[in-house]
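Peer 1:
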Amino acid sequence: MKEESARGLDVFPEDLLPDLAAEDLAEARRIVSSRGGSIIDVLMRKKTLEEREVLPLLARRFSIAYRDALPVDHLDVAFTRSIPIQFLKRHLAVPIVTPSESIIALNDPTDFDGIDELRAVAGLGGAAVVLAPKAVILSAINRAYDLGGDSAEDFIQDMQEESPDSIISEIEEKSDLLDDTSDAPVIKLMNLILSRAVKERASDIHMEPYQGALVVRYRIDGILYNAFNLPKGIQSPMTSRVKVMARLNIAEKRLPQDGRIDIRIGDKVIDIRVSIIPTAFGERVVLRLLDKTGTILGIEDLGFDEERFAVFSNLIRSPYGIILVTGPTGSGKTTTLYAALSTINTSDINIITIEDPIEYQIEGIGQIQVNPKVGLTFADGLRSIVRQDPDVILVGEVRDRETAEIAIQSSLTGHLVFSTLHTNDAPSAVTRLIDMGIEPFLVTSSVIAIVAQRLVRALCPRCREVYTPDDVSLSKAGIEGSILQGKEVYRKRGCDACMGTGYKGRMAIFEIMLLSDAMKHLIITTSDAHQIRQEAIRQGMATLIEDGVQKVLQGNTTIEEILRVTTL
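The sequence shown begins at 5 in our numbering and counts up one residue at a time.
1) Under the DSSP definition of a beta bridge, which residues are partnered with Phe445?
2) Please list the segments of the alpha helix (DSSP H) lying wholly inside the stretch 51 to 137, counting only runs of 4 or more residues, in order along the chain.
3) Does Ser531 come out as helix, strand or coil in the three-state DSSP assignment?
4) Suppose you measure from the CA of Cys502 to the CA of Arg568; what does that come to, to the nearest Å?
5) Which runs of the alpha helix (DSSP H) fall wholly inside the stretch 427 to 496 and span at least 4 residues, in chain order?
6) Just list the residues that DSSP pairs Val596 with in beta bridges.
7) For the beta strand (DSSP E) containing Ala206, name the first residue and the last one.
8) Does DSSP put Asp295 in a helix, in a strand, or in coil?
9) Go to Asp515, then tell me how far its beta strand (DSSP E) extends in each direction, as first and last residue.
10) If we call anything under 9 Å between Cβ atoms a contact, is Ala201 one with Gly325?
11) Leaving out five residues on either side along the sequence, give the residues of the same chain with a beta carbon under 7 Å from the beta carbon of Glu565.
12) Residue range of the beta strand (DSSP E) that Val278 falls in?
13) Met242 to Glu212, Cα distance in whole Å?
14) Compare the beta carbon distance of Arg537 and Asp429 with 9 Å and say whether it is the shorter of the two.
15) Between the alpha carbons of Asp360 and His419, how many angstroms are there, rounded?
16) Give a yes or no on whether the C-beta atoms belonging to Ile269 and Val278 are separated by under 9 Å.
17) Would the beta-carbon of Leu96 fall within 9 Å of that of Ile141?
18) Alpha carbon to alpha carbon, what distance is there between Met517 and Glu311?
19) Starting from Ile356, trace the beta strand (DSSP E) both ways and give me its first and last residue.
20) Let's test the definition: count the other Cβ atoms within 10 Å of the Cβ of Ser67 and tell me whether it reaches 16, buried, or not, exposed.
21) In whole angstroms, give me the CA-to-CA distance for Lys491 and Ala343.
22) Does Phe232 come out as helix, strand or coil in the three-state DSSP assignment?
23) Given that a residue counts as buried once 16 or more other Cβ atoms are within 10 Å of its Cβ, and exposed if not, what is Pro465?
24) Any idea if Ile281 is buried or exposed, counting beta-carbon neighbours within 10 angstroms, 16 or more meaning buried?
25) Would you say the stretch 227 to 237 touches the stretch 293 to 308, given that touching needs at least three Cβ pairs under 8 Å?
26) Taking the beta carbon of Val470 as the centre, do at least 16 other beta carbons fall within 10 Å, making it buried, or is it exposed?
27) For the structure I just gave you, are there three or more beta carbon pairs, one from the stretch 113 to 130 and one from the stretch 96 to 105, closer than 8 Å?
28) Determine which residues share a DSSP beta bridge with Ile227 and list them.
29) What do you reckon, are the CB atoms on Asn354 and Pro394 nearer than 9 Å?
30) If you draw a straight line from the alpha carbon of Glu539 to that of Gly400, how long is it in whole angstroms?
31) Can you tell me where the beta strand (DSSP E) with Gly263 in it begins and where it stops?
32) Is His534 near Pro444, with beta carbons less than 9 Å apart?
33) For the alpha helix (DSSP H) containing Gly385, name the first residue and the last one.
34) Once the 5 residues before and after Pro75 are set aside, which same chain residues still bring their CB inside 8 Å of it?
35) In chain order, what residues of the same chain have a beta carbon less than 8 Å from the beta carbon of Lys555, not counting five sequence neighbours either side?
36) Which of the three DSSP states, helix, strand or coil, is assigned to Val4?
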């Protein structure tokens, strides 16, 4: 077999790309010669080429078909037992065998050796070759090996049925998990739990010990679902495996521990925050998954209606003042703030953030990670930030009076400050600041707007169904029956696409409270959240539940979802 470093060097059709600079091609050739891989992939990684532009051209040159999607619904995954997944990912190729066709999909038509070897091993000598995007091929590879590999149920069945020489015994006898190979059952099971969580869009994995079992649950779209019930005997080695991955102290089982893990699953880079606490039945593990490859949303992607979009767009371009985003944990506050920053992030603005944790890196923005162990708190970091000549400051959370006071002083000296608070609605944020010890006149002179939000599950577009809601549900949501004239209301049903839940993905609902002169005058005289809310509504503020009702009438979510997140 030819050296992989030679792949594509002599047959790359340079004439297909007349606008490609000679120095760019020469640099790509040098990288491929020294590191291996595909010249096309190198050019695309360097942003010299766009994949969607070059692949159809290459397909025509090599007289093969181009596919922007592959048929993976009825995939024959027998090849997963004879072909290592690393081989397919290295060559960016995958055999697709369905009842209707047999093809080999690849990303680089110049990888002749990879194609020949794959044909031979997979027994697909007569299969047609098609060209497909890298992401599509990686997705097909991951799906095939997910379907073809051992499932968690297989592991559990083995544990329960086999003799003392079974997998469970093998796991329990291992004293040093650092010596385990990737074939060790505990590693395979942990990898399966992680990969399935990513596939099912889970934001958290809970590993909960009970008297007779270890229960694994996934949080998907904000709701916890049981994933696996594992034998009690696997609890200790599974916890130890997590500790090894997070570089925590395996021997310490009496104190809480926190750590992090970085893993790659297919084309996704996942940052995992690890929290372990001791309980009556052993250590409880919670893993929070953050997809680092996820794109940062713009404010146009947040779900504002036209009126609120205009208001929020103007607010985030204010020259100074504080904009607070409020809501409980997991309500999408950080996503909203990142969307705002990415929208106003230009070369003529200096933006600095202090966060705990930094969830996404944004190019062109200075981001500071809180580190209490060395004395870097929100307050201390904020003091240093104001000496860095910022135009915009993001404080991850206002947790105490000191941080609130510095943020207010920063806004009063000409900075636009974004931050978050944990309150149930926008008016309650004013009460919370005053309860912290902030003088009402400082609140009114610095805060320009408060945005409250919640996340609701979006209806699965594939299986939602029209229905007529009952009067009780309509009354709770404040919906007049006359509003429904000519409109369709949907409810969940459940299908394979949404794992039977009836929902797929989430969206935000908002209320935006602007601090007008009348509102400021009221806040000076009272901090009662109810009175502040009534004044905000009188001035035209649409509440969370009203925004939710609009999304119900648009067919995006259900009345039950709106009531679930807004009913106090």
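Each residue gets a CB set at the ideal place from its N, CA and C atoms; glycine is no exception. If you're wondering where the values come from, they're calculated on a predicted model, not measured in any experiment.
Peer 2: According to the data block:
1) Partner(s): none; Phe445 has no beta bridge.
2) Listed in chain order, they are 55 to 65, 89 to 95 and 116 to 126.
3) Coil at Ser531, not helix or strand.
4) Going from the Cα of Cys502 to the Cα of Arg568 covers about 19 Å.
5) Those alpha helix (DSSP H) runs which fall completely within the stretch 427 to 496 and span 4+ residues are 430 to 439, 444 to 450 and 475 to 481.
6) This structure leaves residue 596 out entirely; the chain is present only between 5 and 572.
7) Per DSSP, Ala206 is one residue of the beta strand (DSSP E) stretching across Ala206 to Pro213.
8) Asp295 falls in the strand class under three-state DSSP.
9) Sequence check: residue 515 is Glu here, not Asp. Tyr507 to Leu518 is the extent of the beta strand (DSSP E) around Glu515.
10) For Ala201 and Gly325, no; Cβs fall outside 9 Å.
11) Taken in chain order, the residues that qualify are Val460 and Arg461.
12) Run containing Val278: Lys272 to Thr283, per the beta strand (DSSP E) assignment.
13) Approximately 11 Å, taken between the alpha carbons.
14) Yes, Cβ-Cβ distance for Arg537 and Asp429 is below 9 Å.
15) Asp360 and His419: Cα-Cα distance of roughly 21 Å.
16) Taking 9 Å as the Cβ cut-off, Ile269 and Val278 do not qualify as a contacting pair.
17) Yes, the Cβ-Cβ distance between Leu96 and Ile141 is below 9 Å.
18) Answer to the nearest angstrom: the Cα atoms are 13 Å apart.
19) For Ile356, the enclosing beta strand (DSSP E) stretches over residues Ile355 to Glu359.
20) It is exposed - the Cβ of Ser67 has fewer than 16 other Cβ atoms within 10 Å.
21) Rounded to the nearest angstrom, the two C-alpha atoms are 32 Å apart.
22) Of the three classes helix, strand and coil, the one that applies to Phe232 here is strand, per DSSP.
23) It counts as exposed.
24) By the C-beta density criterion, Ile281 is exposed, having fewer than 16 other C-beta atoms within 10 angstroms.
25) No: fewer than three Cβ pairs fall under 8 Å.
26) Classification of Val470: exposed, given that the 10 Å Cβ count is below 16.
27) These segments touch.
28) Ile227 is bridged by DSSP to Ile224.
29) Asn354 is a Cβ neighbour of Pro394, given a cutoff of 9 Å.
30) Whole-angstrom Cα-Cα distance: 29 Å.
31) That run of the beta strand (DSSP E) goes Gln261 to Ile269.
32) Going by C-beta atoms, His534 is not nearer than 9 Å to Pro444.
33) It spans Phe382 to Ile389 - the alpha helix (DSSP H) in which Gly385 sits, taken as one unbroken run.
34) Sequence-distant Cβ neighbours of Pro75 in its own chain, meaning closer than 8 Å and more than five residues away, are Ile100, Thr102, Ser104 and Glu105.
35) Around Lys555: Gly307, Val460, Met511, Ile513, Thr561 and Ile566.
36) Any question about residue 4 goes unanswered here, given that the chain covers just 5 to 572.
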